[in-house]
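Asks: Sharing a structure here in structure tokens format.
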């Protein structure tokens with residue numbers, strides 16, 4: 001049944017038209033009446049009719065304005081206008097707006113109304129047929145797109161069966177195809193509460209809509225495969241005369257602009273050369289991956305074309321920073337910013353020299369972060385502004401796109417710690433430990449005892465011993481021995497002094513006692529230390 005609304009500001013006219021014909025016998029039903037334009041507009045919004053029969057001249061909102069408002073809101077229906085003889089010019093305007101017919105009120109008859117309804121119903125049928133055709137075409141297009149996607153998934157992605165039957169027309173759509181592989185990364189290094197973690201599944205859904213608008217301007221055909229949560233693979237075929245690298249680079253920069261604007265992200269792109277055919281796409285994907293990974297070591301531009309690059313890093317080997325943990329613990333315990341900065345400088349130099357691959361670099365940073373966090377946690381201190389993302393630090397670091405980004409993060413982390421330590425030194429409950437270590441470091445050449453230091457600090461020996469052991473996990477005597485032996489090693493390395501002279505210079509009673517303490521601390525005698533290769537001693 002065709003749903004019909006009648007609109008006229010004269011109730012008698014409305015009643016007359018409603019009773020003029022048998023609506024149901026014509027496949028129609030009256031779903032509403034209105035006596036003015038605003039009421040008619042609300043009724044049309046509510047009932048979504050197929051046909052509207054409306055007077056042209058009405059107060060407040062006339063019939064033409066009513067039709068215009070409905071068209072502006074995207075409502076589709078057929079309409080017939082009622083007019084008087086002197087309003088014929090308005091009827092012509094209505095026809096230009098799309099009216100299927102106009103009826104002069106004085107000449108209105110059942111036959112003329114039925115004839116107008118027939119034309120309106122024919123237009124409704126054409127509109128419905130057109131809508132169904134559009135839906136069909138869209139369905140066919142979406143189905144073809146899905147067939148392309150499924151074929152490429154099986155061809156290119158791991159853990160899939162073979163590619164199976166090639167969709168019809170795929171070769172024609174993808175002539176000399178190539179791969180654009182891109183991974184989303186943070187636009188800036190944000191080391192703050194909640195910074196650096198992203199809902200990539202949500203972002204990816206939004207990005208698909210943005211990409212569809214950009215892709216059509218640059219490529220003849222494109223299929224998008226979702227691999228990792230932050231990575232997409234685009235199989236593309238260029239339009240004629242647009243396969244130059246500048247056009248592809250413009251596309252990548254366009255995508256990066258959208259990512260930055262809407263999500264605060266950027267992307268690293270790896271691009272393969274054009275393959276001779278679809279069969280060459282697996283190799284093209286490997287080339288695109290190599291190009292993208294090249295960015296990790298050479299991050300001058302986020303758009304990297306494959307030009308025969310190989311892994312830019314050194315041969316894979318162990319990259320272990322555990323040897324720095326003891327000096328780190330010492331720097332934190334002493335709240336010594338200068339010492340901490342020196343250790344981090346050494347660490348940054350190691351990264352720059354050995355160029356660990358991304359998994360090694362991330363693993364080392366996690367190791368460093370969690371170790372330093374544990375030092376503060378052990379003393380009941382959290383400092384969330386220094387350690388803002390402890391639970392998802394691995395995810396945060398994995399989002400960093402290059403070795404340069406990782407070095408930037410390390411430097412930022414160091415700076416935050418160095419800014420904290422002076423304040424911490426003044427406020428911490430173990431200030432006594434700091435003062436003890438400071439005194440030992442300044443008087444290591446003297447004969448030192450627990451009583452001497454306690455007297456200098458004006459506290460009891462028992463309190464000093466308990467406090468120092470609790471915070472340092474060693475006795476005061478052990479710390480004195482450690483400091484003295486570190487200086488002894490420097491003196492021995494200078495090759496300017498005999499062993500007994502070194503012992504005397506560091507306040508030991510005799511060379512025998514010095515050798516005993518030296519071996520306890522280092523595991524070897526002074527003589528053995530003097531003659532061993534230093535790289536071996538430092539292992």
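Numbering (UniProt numbering), first residue to last: 1 to 539.
No residue lacks a Cβ here, since even glycine has one placed at the ideal position from N, Cα and C.
Keep in mind the model is a prediction, meaning the values are calculated, not measured.
Identify whether residue 238 lies in helix, strand or coil by the three-state DSSP scheme.
Replies: In the three-state DSSP reduction, residue 238 falls in the strand class (E or B).
Asks: At 3 residues or longer, and completely inside the segment 275-336: list those beta strand (DSSP E) runs for me, N to C.
Replies: 303-305
Asks: Going by beta carbon distance, what residues of the same chain come within less than 6 Å of residue 448, once the five residues before and after it are set aside?
Replies: Taken in chain order, the residues that qualify are 480.
Asks: Once DSSP output is grouped into helix, strand and coil, what is the label at residue 444?
Replies: coil
Asks: Closest to residue 2 by CA distance: which of 14, 12 and 32 is it?
Replies: 32
Asks: What does a CB cutoff of less than 6 Å around residue 518 pick up in its chain, not counting 5 residues either side in sequence?
Replies: 485 and 526
Asks: The alpha helix (DSSP H) with residue 387 in it runs from where to where?
Replies: Unbroken run through residue 387: none, as it is neither H nor E.
Asks: Can residue 272 and residue 179 be called in contact, C-beta distance under 7 Å?
Replies: Yes; because the gap between Cβ atoms is below 7 Å, this pair is in contact.
Asks: Just checking, does the segment 453-464 make contact with the segment 498-507 on the three C-beta pairs under 8 Å criterion?
Replies: no
Asks: DSSP beta-bridge partners for residue 222?
Replies: 236
Asks: In the segment 65-139, which residue ranges form an unbroken beta strand (DSSP E) of at least 3 residues, counting only runs that do not cross its ends?
Replies: 78-83 and 101-104
Asks: Could you spell out where the beta strand (DSSP E) holding residue 493 opens and where it closes?
Replies: Per DSSP, residue 493 belongs to no beta strand (DSSP E); it is in the alpha helix (DSSP H), 476-493.
Asks: If I measure Cβ to Cβ from residue 366 and keep anything under 8 Å in the same chain, skipping five residues before and after, which residues do I get?
Replies: Only 393, 394 and 397 meet the Cβ criterion.
Asks: Reducing DSSP to helix, strand and coil, say where residue 398 ends up.
Replies: helix
Asks: Would residue 50 and residue 77 be called neighbours here (beta carbons separated by less than 7 Å)?
Replies: yes
Asks: Going straight from the alpha carbon of residue 212 to that of residue 350, what length do you get?
Replies: 44 Å
Asks: Quick one: what's got a C-beta closer than 7 Å to residue 175's C-beta in the same chain, skipping five residues either side?
Replies: 237
Asks: Where does residue 331 land, buried or exposed, given buried means 16+ other C-beta within 10 angstroms?
Replies: buried
Asks: From the DSSP secondary-structure annotation, give me the bridge partner or partners of residue 178.
Replies: Residue 178 is bridged to 236.
Asks: Taking Cβ to Cβ, would you say residue 309 is nearer than 7 Å to residue 294?
Replies: Cβ atoms of residue 309 and residue 294: closer than 7 Å.
Asks: Helix, strand or coil: which one does DSSP assign to residue 5?
Replies: Looking at residue 5 - three-state DSSP - the assignment turns out to be strand.
Asks: What first and last residue would you give for the beta strand (DSSP E) that runs through residue 33?
Replies: 28-34
Asks: Could you tell me how far apart the beta carbons of residue 417 and residue 457 are, in whole angstroms, since I believe they sit closer than 8 Å?
Replies: Not quite, the Cβ-Cβ distance comes to about 27 Å (not below 8 Å), so this is no contact.
Asks: So the alpha helix (DSSP H) residue 271 belongs to, where does it begin and stop?
Replies: Taken as a continuous stretch (DSSP letters only), residue 271 belongs to no alpha helix (DSSP H), being part of the beta strand (DSSP E) at 265-271.
Asks: Which residue wins for smallest C-alpha separation from residue 60, given the options 39, 74 and 79?
Replies: 39
Asks: What three-state label does DSSP hand residue 185 in the structure shown?
Replies: DSSP places residue 185 in strand when its eight states are reduced to three.
Asks: Where does residue 17 sit, in a helix, a strand or coil, going by DSSP?
Replies: helix
Asks: Ordered along the chain, which non-local residues of its own chain (more than five positions away) have a Cβ less than 6 Å from that of residue 503?
Replies: 511 and 514
Asks: Tell me, to the nearest whole angstrom, how far the beta carbon of residue 17 is from that of residue 53; I am working on the premise that it is less than 8 Å.
Replies: Between residue 17 and residue 53 the beta-carbon gap is near 7 Å, inside 8 Å, which marks them as a contact.
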